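Each remark here refers to the structure printed beneath this line.
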């Protein structure tokens, strides 16, 4: 386990100092997750905003169509992103056990 960072010596520090340090650490981690989520969402918006331009022979003009339905695309990619940790754990477990299904795996 990583915490406490300084072993038993940390227990001798004043409790108020430890609370402040842990809160600063938590804020730092949550800020990192927020930044990564913003970058991820910018990528999703870039992918789902793709348009297709086709020539209409009858009207003799170009028509522009959305390739993705934005709502369905965002929900699908959000579900995949939220399941990514579980998917990676299962993949690692399968490779670690030489593709022998036990406990975790594709069935979970």
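Residue numbers (the numbering used here): 1148 to 1255.
Idealized CB from N, CA, C, for every residue including glycine.
None of the values given here were measured: they were computed from a predicted structure.
C-alpha gap between residue i and residue j, whole angstroms
i, j, result
"residue 1173", "residue 1217", "33 Å"
"residue 1237", "residue 1211", "41 Å"
"residue 1297", "residue 1162", "Given that the chain is displayed from residue 1148 to residue 1255, the structure contains no residue 1297 and the question cannot be resolved."
"residue 1234", "residue 1177", "22 Å"
"residue 1222", "residue 1241", "28 Å"
"residue 1160", "residue 1171", "16 Å"
Same chain, Cβ closer than 6 Å to residue i, five either side skipped, listed in chain order
i, result
"residue 1151", "1157"
When the options are compared against residue i, the one with the closest alpha-carbon
i, options, result
"residue 1201", "1189, 1214, 1160", "1214"
"residue 1219", "1244, 1175, 1196, 1239", "1196"
DSSP-derived helix/strand/coil call for residue i
i, result
"residue 1206", "coil"
"residue 1246", "coil"
"residue 1201", "strand"
Rounded distance between the beta-carbons of residue j and residue i, thought under 8 Å
i, j, result
"residue 1164", "residue 1191", "That pair is no contact at about 41 Å."
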